[in-house]
Amino acid sequence: MDQQKTLVTLTAQTKPDKDVGRPDNEPMSDVVNRPAVAADLARIVEIYNHYIENTPISFETEPHDVEGRRAWFDGFATTGPYRLLVVEVDGSVTGFASSATFNPRAAYSTSVETSVYLDPAATGRGIGTQLYAALLTELDKEPGLHRAYGGISQPNPASNALHERLGFRHVGTFREVGYKFDRYWDVARYERELAGGERGE
Ligand SMILES: CC(C)(COP(=O)(O)OP(=O)(O)OC[C@H]1O[C@@H](n2cnc3c(N)ncnc32)[C@H](O)[C@@H]1OP(=O)(O)O)[C@@H](O)C(=O)NCCC(=O)NCCS
1 MDQQKTLVTL TAQTKPDKDV GRPDNEPMSD VVNRPAVAAD LARIVEIYNH YIENTPISFE
61 TEPHDVEGRR AWFDGFATTG PYRLLVVEVD GSVTGFASSA TFNPRAAYST SVETSVYLDP
121 AATGRGIGTQ LYAALLTELD KEPGLHRAYG GISQPNPASN ALHERLGFRH VGTFREVGYK
181 FDRYWDVARY ERELAGGERG E
């Protein structure tokens with residue numbers, strides 16, 4: 001990813017719309033959503049590895065090392081369909097959201113697969129909603145993009161609610177499609193229309 005370009009976009013400063021459990025005398029966090037840069041990769045890997053190793057939320061089973069994840073990182077850009085954003089809370093990278101290839105066959109290129117992961121200590125405060133909304137705002141501006149899809153292993157009420165809040169609808173559930181931690185897991189598919197992708201109309 002081109003670091004020069006990434007520094008200038010998507011740096012709107014926002015605050016969480018919820019601050020559950022915050023003591024009255026504690027200042028609100030500064031929350032900044034921005035494109036990822038190479039220096040963020042180690043933290044992104046650390047956050048994602050937590051979910052690989054401890055949960056069925058990711059269907060990957062082996063943790064990544066930073067060097068091994070560099071090719072994945074290089075597949076994102078600050079324009080076009082494949083984006084990688086991070087959220088900084090008080091200056092620390094606390095989560096990431098991505099849009100990636102939905103299916104490598106050419107006719108699927110108008111669709112993307114989206115996902116979002118926060119540091120588990122940062123969940124439930126509105127940060128995921130802001131980060132995912134920032135990603136979708138960028139994707140809505142992208143000509144040629146028509147649909148975004150999320151795949152959510154069940155149960156995951158926070159992710160289901162997040163997708164529904166941001167305009168996705170549940171289009172079906174693959175039953176027992178994955179096997180991890182000695183059992184099968186269902187995956188709910190969520191679909192959202194993207195604004196920029198109308199073709200032939
Ligand atoms: C899913 C995730 C990104 C949501 O971000 P978040 O900051 O925790 O969620 P928010 O506080 O923005 O809340 C989003 C919605 O989820 C609901 N929610 C949050 N935590 C919840 C919980 N533990 N149980 C039920 N609903 C919950 C909120 O009420 C809100 O719904 P609403 O808009 O209808 O009120 C975050 O929890 C996370 O990283 N989870 C682990 C990784 C993961 O599941 N990623 C998604 C993979 S598909």
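Going by the working numbering, the sequence shown opens with residue 1, and the numbers climb by one from there.
Ideal Cβ placement from N, Cα and C applies to all residues, glycine included.
Proximity test, residue i beta-carbon vs ligand 1 heavy atom, cut-off 7 Å
| i | result |
| --- | --- |
| residue 116 | yes |
| residue 159 | yes |
| residue 44 | no |
| residue 110 | no |
| residue 49 | no |
| residue 156 | yes |
| residue 137 | no |
| residue 52 | no |
| residue 125 | yes |
| residue 129 | yes |
| residue 85 | no |
| residue 95 | yes |
| residue 175 | no |
| residue 70 | no |
| residue 150 | yes |
| residue 183 | no |
| residue 147 | no |
| residue 41 | no |
| residue 105 | no |
| residue 165 | yes |
| residue 194 | no |
Beta carbon proximity, residue i to chain B, threshold 8 Å
| i | result |
| --- | --- |
| residue 132 | Going by chain labels, chain B is absent from the structure shown, which holds only one protein chain. |
When the options are compared against residue i, the one with the closest alpha-carbon
| i | options | result |
| --- | --- | --- |
| residue 52 | 33, 118 and 111 | 118 |
| residue 133 | 72, 155 and 86 | 86 |
| residue 127 | 98, 38, 94 and 150 | 94 |
| residue 151 | 166, 136, 139 and 170 | 170 |
| residue 72 | 62, 84 and 90 | 84 |
| residue 46 | 63, 76 and 32 | 63 |
| residue 61 | 74, 191 and 182 | 182 |
| residue 175 | 155, 70 and 160 | 155 |
| residue 114 | 184, 88, 65 and 159 | 159 |
| residue 92 | 157, 184 and 44 | 44 |
| residue 221 | 116, 180 and 140 | Lying before the first or after the last residue shown, residue 221 is absent from the chain, which here runs from 1 to 201. |
| residue 101 | 187, 121, 76 and 123 | 76 |
Kindly confirm or deny that the stretch 99 to 112 and the stretch 56 to 67 touch, where touching means at least three C-beta pairs closer than 8 Å.
-> no
For the stretch 22 to 78, list the alpha helix (DSSP H) runs that are entirely contained and at least 4 residues long, ordered along the chain.
-> 41 to 54 and 70 to 74
Contiguous beta strand (DSSP E) assignments of at least 3 residues, all confined to the stretch 97 to 183 = 111 to 118, 147 to 153 and 169 to 180
Tell me, please, whether the stretch 141 to 157 touches the stretch 26 to 41 by the rule of three or more beta-carbon pairs shorter than 8 Å.
-> no
May I ask you to verify whether the stretch 155 to 167 touches the stretch 30 to 50, counting CB pairs closer than 8 Å and requiring at least 3?
-> no
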